[in-house]
Amino acid sequence: MTNRTVPPRAERAIFIVHGAVTLAAAVALAVFPAAIPATVGITMDPSDYLLSYFLAAAELGVGVLSIGAARLADPAAIRLIAAAFAVFHGATAVLEVLYLATAGVSVVLVANVVVRLVAAAVFAVVWRSRRS
């Protein structure tokens with residue numbers, strides 16, 4: 004495909020929805036650091052919250068980048084951001100599968116793996132559609 008100067012509506016929607024979900028996760032991790040880990044049976048003491056805070060900070064940065072990407076017109080920038088998000092979600096899915104192999108099956112984690120793989124595929128399509 005040829006380079007486009009303005010991202011299509013679908014691309015913008017993908018980045019905005021992704022950004023909003025990611026920012027919501029950042030807030031949840033910062034305000035309730037044990038809540039998301041508890042959904043997969045991980046209990047955390049307050050001394051363990053630093054890990055959730057680190058993840059919240061990373062999610063905050065990814066969310067802001069995603070929302071910002073919705074306003075970009077530079078195909079190279081959009082390709083790079085989409086590729087990074089595809090790698091982020093794909094790597095997270097692989098690491099969650101490794102965790103499942105050692106900790107046992109969790110319906111919540113299996114669902115999250117599926118969501119991550121779908122997100123990785125969507126961002127891979129965005130990346131490929133922006134190739135010249």
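Everything in the sequence shown is counted per my numbering, starting at 4 for the first residue and increasing by one.
All residues carry an ideal CB built from backbone N, CA and C; glycine is no exception.
Around the CB of Ser-50, fewer than 16 other CB atoms lie within 10 Å, so the residue is classed as exposed. Per the coordinates, the alpha-carbon of Phe-35 lies some 21 angstroms from the alpha-carbon of Ser-109.
The shortest C-alpha to C-alpha distance from Val-24 to any of Val-118, Pro-11 and Arg-82 is the one to Val-118. Shown here, Leu-63 sits in a helix according to DSSP, grouped into three states. The beta carbons of Tyr-56 and Ala-33 sit closer together than 8 angstroms. Considered as a whole, the region 38 to 82 harbours 38 to 41 and 52 to 72 as its complete alpha helix (DSSP H) runs of no fewer than 4 residues, in chain order. Counting only the Cα atoms, Ala-89 lies some 4 angstroms from Ala-123.
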